[in-house]
Amino acid sequence: MKEADKKTSPPSFCRIAVAPMIDWTDRHCRFFHRLLAPHALLYTEMITSSAILHGNRDRLLGFSPAEHPLTLQLGGSDPQDLALCAKIAKDFGYDAINLNCGCPSERVQKGSFGACLMAEPELVASCIQAMNEASDLPVSVKCRIGIDDSDDFPFLDRFISTVKAAGCDTFIIHARKAWLKGLSPKENREIPPLRYDLAAQIKQTHPDLTIWLNGGLKTLSQIEEALASFDGVMIGREAYQNPWFLAEIENHFYGTHLPNRFDIARKMATYIGQCHTIEGTPIHSITRHMIDLFSGERGARFWRQKLGAEATRAASPLSFMEDVLIQMDKKINSETVPPEGI
46 MKEADKKTSP PSFCRIAVAP MIDWTDRHCR FFHRLLAPHA LLYTEMITSS
96 AILHGNRDRL LGFSPAEHPL TLQLGGSDPQ DLALCAKIAK DFGYDAINLN
146 CGCPSERVQK GSFGACLMAE PELVASCIQA MNEASDLPVS VKCRIGIDDS
196 DDFPFLDRFI STVKAAGCDT FIIHARKAWL KGLSPKENRE IPPLRYDLAA
246 QIKQTHPDLT IWLNGGLKTL SQIEEALASF DGVMIGREAY QNPWFLAEIE
296 NHFYGTHLPN RFDIARKMAT YIGQCHTIEG TPIHSITRHM IDLFSGERGA
346 RFWRQKLGAE ATRAASPLSF MEDVLIQMDK KINSETVPPE GI
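Right, dumping it as structure tokens:
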């Protein structure tokens, strides 16, 4: 294996990743996801290069050692700034870096990064080269299959080929195009049709590249089918809105035993207590990620109510979580109460 390949390849055991999601995949969410998915590759939210260079780095970049392997997703388009961020990411102990070339929001476009960068492959190539020269961390790109009316294979292939020539061998392809105007980020995740065939054509054309598929993967059978054609899959909203899916993925693809949901809840309660005691972390900033842990199970409605609105009013996070767990234990072990609806 060539040195460049060693540098830009993800850990060999990682074939499933949880997507970077703004406002969702913060460090508390990632700690929770790691309990459910020991083998998954985790990503930070997109963090802009300017925020890292001028903001509170410890707050923005700090993470628990339990989160490894962890990739820092960067938003930016200035090669020198991104090179500095790559050095900082290395110092903080990240395992890899990913450049966002897929976010279509207007705010991101105003910063000249995200999906609009697909129209400037040479600039993306310069960014990749600068980061590779600044750090030995693997650098990947997350992109769409196209933007606006530029959504055919030649457009995508030109982007991939140009960035590949700069030393990037790993691409996560969200198999939808992005409309840069007229659709919200949410609509851009739902309205443009999925084109797995274009992503597959990239893998066939560039068999030497590591290609991950992202977009619309919600079942084990879909993931299994995708892994037959791609090097890895990235799960987005389904992992957040149905976190138990991560445990099912681990069980199906890695043979790990399904954990007990209540045990996961206990571990998170301990984590909440530590974060509150050491950092004064508001309980709701953590519990908001855990609301759907018991979806479809006995006590699900009670859990959502407690960890939702009631958590914001909790005077003592420690006693609040202890009380919730005691009551959940009773509900889970009650044979007279039927499972609650999702």
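Going by my numbering, the first residue of the sequence shown is number 46, and it counts up by one from there.
Ideal Cβ positions, reconstructed from N, Cα and C, are used throughout, including at glycine.
- Assignment of Thr264 by DSSP, reduced to helix, strand and coil, places it in the coil class.
- The Cβ-Cβ distance between Pro149 and Pro230 falls below 9 angstroms.
- Taking each of Met176, Tyr88 and Ala223 in turn and checking the Cα distance to Cys146, the smallest one comes out for Ala223.
- Approximately 6 angstroms separates the beta-carbon atoms of Arg311 and Leu370; this is inside 8 angstroms, confirming the contact.
- Between Met91 and Gly138 a beta carbon distance of about 19 angstroms is seen, past the 8 angstroms cut, so the two are scored as non-contacting.
- Using a 10 angstroms sphere on the CB of Leu303, the tally of other CB atoms stays under 16, which defines it as exposed.
- Look at Tyr139 here: in three-state DSSP terms it is coil, with no helix or strand label.
- A residue is called buried once 16 or more other Cβ atoms fall within 10 Å of its Cβ, and His219 is buried on that count.
- Here DSSP, grouped into helix, strand and coil, assigns Arg189 to strand.
- Around the beta carbon of Gln319, a 10 Å sphere encloses fewer than 16 other beta carbons of the protein chains shown; the residue is thus reported as exposed.
- The C-beta separation of Leu81 from Ile309 comes to about 7 angstroms, placing the pair in contact by the 8 angstroms criterion.
- Comparing alpha carbon positions, the residue from Ala271, Lys135 and Gly156 closest to Thr93 is Gly156.
- Between Phe108 and Tyr316 a beta carbon distance of about 13 angstroms is seen, past the 8 angstroms cut, so the two are scored as non-contacting.
- In the three-state reduction of the DSSP assignment, His334 falls in the coil class, being assigned neither a helical nor a strand state.
- Cβ-Cβ separation between Leu258 and Ala244: approximately 6 angstroms, consistent with a contact (criterion under 8 angstroms).
- Under the 8 angstroms Cβ criterion, the region 172 to 183 counts as touching the region 124 to 132, having at least three qualifying pairs.
- With respect to the 9 angstroms criterion, His78 and Thr70 are classified as neighbours on the basis of their beta carbons.
- Ile205 sits in a helix when the DSSP states are folded into three classes.
- In its chain, beyond the 5 residues on either side, Ala170, Ile173 and Gln174 have a beta carbon closer than 6 angstroms to the beta carbon of Ala211.
- With the rule of 3 Cβ pairs closer than 8 angstroms, the region 200 to 214 does not count as touching the region 263 to 283.
- Gln118 is bridged by DSSP to Asn143.
- As a beta-bridge residue in DSSP terms, Phe216 pairs with Val186 and Ile256.
- Secondary structure of Leu228 (DSSP, three-state): coil.
- For Met279, there is no enclosing alpha helix (DSSP H); the residue is found in the beta strand (DSSP E) stretching over Gly277 to Ile280.
- Scanning Thr215, Arg72 and Leu272 for the CA closest to the CA of His251 turns up Thr215.
- Taking a C-beta distance under 9 angstroms as the contact criterion, Phe339 and Arg349 qualify as a contact pair.
- By the CB criterion at 9 angstroms, Ala111 and Met176 fall outside the cutoff.
- Non-local beta-carbon contacts of Arg72 in its own chain, meaning distances under 6 angstroms to residues more than five positions away in sequence, involve Phe108 in chain order.
- Remark: C-beta atoms of Cys161 and Ile142 do not approach each other more closely than 9 angstroms.
- Distance check between Thr255 and each of Lys187, Leu117 and Val63 places Lys187 closest, using alpha-carbon atoms only.
- Shown here for Lys135: same chain residues with a beta carbon closer than 8 angstroms to its own, the five before and five after excluded, namely Ser180, Asp181 and Leu182 in chain order.
- Short of 8 angstroms from the beta carbon of Ser379, and not among the five residues preceding or following it, lie these beta carbons of its own chain, in chain order: Arg343.
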